[in-house]
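Q:
2 protein chains.
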Amino acid sequence: MERTIDSQLEDLKNLTVEMGGQVEKALQTVLNGVSRRDLQQFASVHTIEQSINDLQIKIDNACLEVLAKQGPVARDLRFILSIIKINTDLERMGDQCVNIAYIGKDVLNRSNNISFQDIEVMASTVKTMVKAALDSFVKMSSTMAKDVLVMDDEIDRLKNKVVSDAISRMKIQPEQVENLLDLILIARNLERLGDHSTNIAEDVIFALTGKDIRHQA
Amino acid sequence: MERTIDSQLEDLKNLTVEMGGQVEKALQTVLNGVSRRDLQQFASVHTIEQSINDLQIKIDNACLEVLAKQGPVARDLRFILSIIKINTDLERMGDQCVNIAYIGKDVLNRSNNISFQDIEVMASTVKTMVKAALDSFVKMSSTMAKDVLVMDDEIDRLKNKVVSDAISRMKIQPEQVENLLDLILIARNLERLGDHSTNIAEDVIFALTGKDIRHQA
Chain A
1 MERTIDSQLE DLKNLTVEMG GQVEKALQTV LNGVSRRDLQ QFASVHTIEQ SINDLQIKID
61 NACLEVLAKQ GPVARDLRFI LSIIKINTDL ERMGDQCVNI AYIGKDVLNR SNNISFQDIE
121 VMASTVKTMV KAALDSFVKM SSTMAKDVLV MDDEIDRLKN KVVSDAISRM KIQPEQVENL
181 LDLILIARNL ERLGDHSTNI AEDVIFALTG KDIRHQA
Chain B
1001 MERTIDSQLE DLKNLTVEMG GQVEKALQTV LNGVSRRDLQ QFASVHTIEQ SINDLQIKID
1061 NACLEVLAKQ GPVARDLRFI LSIIKINTDL ERMGDQCVNI AYIGKDVLNR SNNISFQDIE
1121 VMASTVKTMV KAALDSFVKM SSTMAKDVLV MDDEIDRLKN KVVSDAISRM KIQPEQVENL
1181 LDLILIARNL ERLGDHSTNI AEDVIFALTG KDIRHQA
C-alpha cells in the first residue's frame, strides 16, 4: 500500500528532530568538557558527530524520495525544502561542536588553569538559542522562530567581550597567547552555532508562511 | 505555452553560474584590497554581496517553481537539489568575502605596514580552488569535481603556516597582537571558502552520479 504524504512528512520531521537532539547532545558534551576540564568529554563528541553525519545523508535521501514519489506542492514542498536546509545547518553545527572539542583539548593539554568563565556565559546563551530554534521547528511556530532571531545580538555582544578581553591579556601575558587565541576561536565557533540557529528559525518561518526573510535588516 | 523542463533547468544553471561569477568577483575585490592596501576595494564588496543575496533568493524561488510545476525525478531532481545546496554555499562564500573586507579594513585603519605575504599565497590557492569548483559545475564534470577535493589539504597547510607564524610573532611583538589576530582570522575565512568549494564539488558529483560522497575519509 502506498504511504500517504502526511506520514512521509511526519517521518522527515521526526528524523530532523532526532538530528537536532544529537546536535544538542554534541553541544552539551563539549560544554561539559569545558566546564569540567574533561578530555574524555571532548573525545566522546566524535561518536555523536558520526551519528549526525549518518542522519544528514539519511534525511537528504528521504527528502529526495518524497520529492520524487509524491511531487509535493505549496506548503508540503516548502516544508521539505526547509528540512533540506535545516539538515545542512545541523550538520555544520555538529562540525562546530567538533571544532570546539579539538580546541578545548589543545587548551587542556597545555595543562594550564586559564579561566573559561566568559566562554561559559556565552555558551549558556548559545545553548538556549539552539534549543529555541529546534523548539520552533518541533512546534512549527513562527512566533517562536521570530523570538530566536533577536537572540543573536546578545551572542555577538558576549563574543565581542571574549575577544576584546583576550586581546588585552595577550599584550600583558604573551606566554598565554595560544590559550587566549583558543578562547577567541571557541567564542567564534559558538557564534556560528548562533548563526545556524538563526538560519533554522528563518527556514521555519519560510515553511509556514512562504515568506523569505533572509537578508532583511 | 508551457516551457520544457530542460529550458527551466538551463535557466537555473545560468543563474547559479551568474551567482558563482559574483562570488569570484567579491573574492577578487577583497584580495585586491589586501594586495593594494586599498580601503575602497573593501568598501565596494558590499554592493557585490547585495547582488549575491538577491540571486540567492531568486534561485531558491526558481527551484521551488520548477519542483512544484514539473515534479522532476531522477537526475533532474538531483540537479535541482544540488543547485539548492550550491546556492547556500555561494551565499556563505559571499559572507566570507565580506568578513575579510571588514577585517582588512580594521588592519589598514591601524595605519600599519604588516605583511600580507602569506595571506596572499594562501588566497591565490583558494581562488584557484573556488574557480575549479565553479568550473566543475559549469562543465558538470565529476573528474573536475574530484580534482577540487584534493586541493583542500594545501589550503590547510597554508592556513597552519599563517597561524603558527602569527602566534610566534605575537609573543615577541605584543603591540602587533590585533594585526596578527586579524591575519589569523583572514586565513580562517579563506579556509572556509575552500570548505565551501569542497561542498560544491561534492554536490556536482551527487548531481551527476547519485553518489553521496560526503563524510568519507
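Protein chains in written order, with this note's numbering: chain A, 1 to 217; chain B, 1001 to 1217.
For glycine and all other residues, C-beta sits at the position ideal for the given N, C-alpha and C.
State the Cα-Cα distance for the pair residue 1183 of chain B and residue 1060 of chain B, rounded to the nearest angstrom.
A: 34 angstroms
Q: From what residue to what residue does the alpha helix (DSSP H) around residue 148 of chain A run?
A: If you look at residue 148 of chain A, you'll find it in the alpha helix (DSSP H) that goes 142-149.
Q: Strictly below 8 angstroms CB to CB, what residues from chain A border residue 1058 of chain B?
A: What residue 1058 of chain B touches in chain A: nothing, since even the nearest Cβ is about 10 angstroms away.
Q: Can you find a CB in chain A that lies within less than 8 angstroms of the CB of residue 1088 of chain B?
A: yes
Q: Got a sec? Which residues, its chain only, sit under 8 angstroms from residue 119 of chain A by beta carbon, not counting five neighbours each side?
A: 34, 162, 183, 186, 187, 190
Q: Would you call the region 131-143 of chain A in contact with the region 200-214 of chain A, where contact means no fewer than 3 C-beta pairs closer than 8 angstroms?
A: yes
Q: Any Cβ of chain A within less than 8 angstroms of the Cβ of residue 1179 of chain B?
A: no
Q: Does the region 7-25 of chain A come close enough to the region 61-70 of chain A that 3 or more CB-CB pairs lie under 8 angstroms?
A: yes
Q: Could you say which of A:91, A:178, A:64, A:77 lies nearest to residue 103 of chain A if we only look at CA atoms?
A: A:178
Q: Name the chain A residues that come within less than 9 angstroms of residue 1084 of chain B, Cβ to Cβ?
A: 81, 84, 85
Q: Taking Cβ to Cβ, would you say residue 84 of chain A is nearer than 8 angstroms to residue 63 of chain A?
A: yes
Q: For residue 219 of chain A, which residues in the same chain have their Cβ closer than 7 angstroms to its Cβ, ignoring the five residues on either side in sequence?
A: Any property of residue 219 of chain A remains undetermined from this structure, which presents chain A solely from 1 to 217.
Q: Using the Cβ count rule (16 or more neighbours within 10 Å means buried), how would you classify residue 157 of chain A?
A: exposed
Q: Quick one: any contact between the region 1141-1156 of chain B and the region 139-156 of chain A, if contact means 3 or more CB pairs under 8 angstroms?
A: Contact between the region 1141-1156 of chain B and the region 139-156 of chain A is absent, because fewer than three Cβ pairs lie under 8 angstroms.
Q: Could you name the residues of the same chain whose beta carbon sits closer than 6 angstroms to that of residue 170 of chain A, not counting the 5 residues immediately before and after it, in chain order?
A: 177, 180
Q: Could you give the first and the last residue of the continuous alpha helix (DSSP H) run that contains residue 35 of chain A?
A: Note, residue 35 of chain A: alpha helix (DSSP H), 5-36.
Q: Tell me which residue opens and which closes the alpha helix (DSSP H) that residue 1197 of chain B is part of.
A: 1177-1209
Q: Just how far apart, CA to CA, sit residue 1107 of chain B and residue 1174 of chain B?
A: 15 angstroms
Q: Could you give the first and the last residue of the continuous alpha helix (DSSP H) run that contains residue 137 of chain A?
A: 117-138
Q: So what's residue 73 of chain A in DSSP terms, helix, strand or just coil?
A: coil
Q: In three-state terms, what does DSSP make of residue 48 of chain A?
A: In the three-state DSSP reduction, residue 48 of chain A falls in the helix class (H, G or I).
Q: According to a CB-to-CB cut-off of less than 8 angstroms, which residues of the region 1013-1033 of chain B neighbour chain A?
A: none
Q: Who are the Cβ neighbours of residue 1093 of chain B in its own chain at under 6 angstroms, not counting the five residues just before and after it?
A: 1023, 1193, 1196
Q: Looking at the secondary structure, which residues open and close the alpha helix (DSSP H) in which residue 1113 of chain B lies?
A: Here residue 1113 of chain B belongs to no alpha helix (DSSP H), and DSSP marks it neither H nor E.
Q: Assuming residue 1156 of chain B is part of the alpha helix (DSSP H), what are its boundary residues?
A: 1152-1172
Q: Taking only the alpha-carbon atoms, compute the straight-line gap between residue 1116 of chain B and residue 1028 of chain B and give it to the nearest angstrom.
A: 15 angstroms
Q: If you draw a straight line from the C-alpha of residue 1039 of chain B to the C-alpha of residue 1167 of chain B, how long is it?
A: Going from the Cα of residue 1039 of chain B to the Cα of residue 1167 of chain B covers about 26 angstroms.
Q: Of all Cβ atoms in chain A, is any one closer than 8 angstroms to the Cβ of residue 1053 of chain B?
A: Answer yes: the Cβ-Cβ gap between residue 1053 of chain B and chain A drops below 8 angstroms somewhere.
Q: Identify, in the order they occur along the chain, each residue of the same chain with its Cβ nearer than 6 angstroms to the Cβ of residue 46 of chain A, setting aside the five sequence neighbours on each side.
A: none
Q: Would DSSP call residue 1214 of chain B helix, strand or coil?
A: Looking at residue 1214 of chain B - three-state DSSP - the assignment turns out to be coil, as it is neither helix nor strand.
Q: Here's the rule: buried if 16 or more other CB atoms are within 10 angstroms of the residue's CB, otherwise exposed. What is residue 1004 of chain B?
A: Taking all protein chains in view, the Cβ of residue 1004 of chain B is surrounded by fewer than 16 other Cβ atoms within 10 Å, so the residue is classified as exposed.
Q: Using alpha carbons as the reference points, say which of B:1025, B:1210, B:1213 lies closest to residue 1095 of chain B.
A: B:1025
Q: If you measure from the beta carbon of residue 1215 of chain B to each beta carbon in chain A, is any gap under 8 angstroms?
A: yes
Q: Are residue 1155 of chain B and residue 1125 of chain B close, meaning C-beta to C-beta below 8 angstroms?
A: Yes; because the gap between Cβ atoms is below 8 angstroms, this pair is in contact.
Q: Which residues in the same chain have their Cβ closer than 7 angstroms to the Cβ of residue 48 of chain A, if we skip the five residues on either side of it in sequence?
A: The residues are 22, 25, 26, 29.
Q: So, at 6 angstroms on beta carbons, what are the nonlocal neighbours of residue 1114 of chain B in its own chain, with the 5 sequence-adjacent residues on each side left out?
A: The beta carbon of residue 1114 of chain B is closer than 6 angstroms to those of 1179 in its chain, skipping five residues each way along the sequence.
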